[in-house]
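S.K.: Numbering (the working numbering), first residue to last: 227 to 478. We put the beta carbon where it would ideally sit given N, CA and C, even for glycine. First the structure, then my questions, so here it is.
What follows is the structure in structure tokens.
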């Protein structure tokens with residue numbers, strides 16, 4: 227018999243519309259969970275879209291104090307109760323065995339973070355989606371390196387609560403690069419970052435041009451913030467307004 231794995235809190239930050247909330251609920255319901263696991267949607271909308279749409283079907287906590295997915299993740303983590311916190315994005319569809327695969331093999335004692343795999347959704351084939359996938363925009367910060375080591379994106383990231391709380395959670399007041407900063411701070415505090423390529427979610431890229439350009443702008447702002455915090459760490463995402471327009475034109 228396979229030994230029981232630790233219980234996990236699955237936290238999903240949310241900032242979409244009612245249809246997106248229902249899709250996120252479907253993703254959570256697809257997970258194979260054990261007794262003791264819990265799921266939490268951290269609603270980052272000002273009008274409580276998730277609570278109104280799916281509040282009776284999953285635990286929803288309000289997280290509208292700041293328009294930031296990192297604020298929502300911190301709020302969801304604060305409301306959770308398990309020793310491991312799994313952060314997934316609302317637009318990521320997990321494999322049913324996602325949680326179990328994180329514990330194969332069991333994490334070492336000093337593992338503070340475990341990064342799973344994020345693949346492109348096979349049914350998402352719009353022009354913008356193909357372009358984003360070809361340029362790895364969703365994982366654009368993956369190539370960033372600095373003296374503090376590697377990182378794993380928050381779209382599929384398992385954190386040990388003791389490590390997460392020990393460094394104060396995610397930095398707030400930013401819209402991008404918080405996952406890089408968190409992983410580097412964890413490693414600076416003596417924790418390790420492990421990879422779990424068998425723990426897989428599929429990401430749906432943006433279909434519309436305006437959200438796509440906004441995503442690029444967030445990456446650029448996050449990169450600039452990260453470079454101020456860790457000088458020399460993130461040169462590739464310094465995007466000017468002209469570069470944003472050029473990237474958008476390339477996608478059409």
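1. Excluding five sequence neighbours on each side, which residues of the same chain lie with their C-beta closer than 6 Å to the C-beta of residue 308?
2. Can you give me the start and stop residues for the alpha helix (DSSP H) that residue 337 sits inside?
3. Given this structure, state the Cα-to-Cα distance separating residue 459 from residue 440, to the nearest angstrom.
4. Can you have a look at residue 299 and say buried or exposed, based on whether 16 or more other CB atoms are within 10 angstroms of its CB?
5. Expressed to the nearest angstrom, what Euclidean distance is found between the alpha-carbon atoms of residue 240 and residue 429?
6. For residue 292, does the three-state DSSP call read helix, strand or coil?
7. Looking at C-alpha atoms only, which residue of 312, 424, 288, 394 is the closest neighbour of residue 410?
8. Would residue 258 and residue 311 qualify as a contact pair, given that the criterion is a beta-carbon distance under 7 Å?
9. Using only alpha-carbon positions, find the residue among 407, 446, 377, 256 that is nearest to residue 341.
10. Do you know how far the Cα of residue 288 is from the Cα of residue 270?
11. By Cβ distance, which residues of its chain are closer than 7 Å to residue 276, with the 5 residues on each side in sequence left out?
12. Return the residue from the list 391, 384, 255 that minimises the CA-CA distance to residue 419.
13. Please report the distance separating the alpha-carbon of residue 237 from that of residue 306.
14. If you compare alpha carbons, which of 345, 398, 256, 449 is closest to residue 427?
15. For my contact list, residue 283 and residue 251 are in at a C-beta cut-off of 8 Å; report their separation, rounded to the angstrom.
16. If we ignore side chains and look at the alpha-carbon of each, how far apart do residue 447 and residue 400 end up?
17. Let me know if residue 273 comes out buried or exposed under the rule of 16 or more other beta-carbons within 10 Å of its beta-carbon.
18. For residue 382 versus residue 314, is the C-beta spacing smaller than 7 Å?
19. In whole angstroms, give me the CA-to-CA distance for residue 422 and residue 343.
M.R.: Reading it off the structure:
1. 233, 234, 235
2. Premise fails: residue 337 lies in the beta strand (DSSP E), 337-346, not in any alpha helix (DSSP H).
3. 22 Å
4. buried
5. 15 Å
6. coil
7. 394
8. no
9. 377
10. 7 Å
11. 240, 247, 267, 269, 286
12. 384
13. 8 Å
14. 345
15. 6 Å
16. 8 Å
17. exposed
18. yes
19. 7 Å
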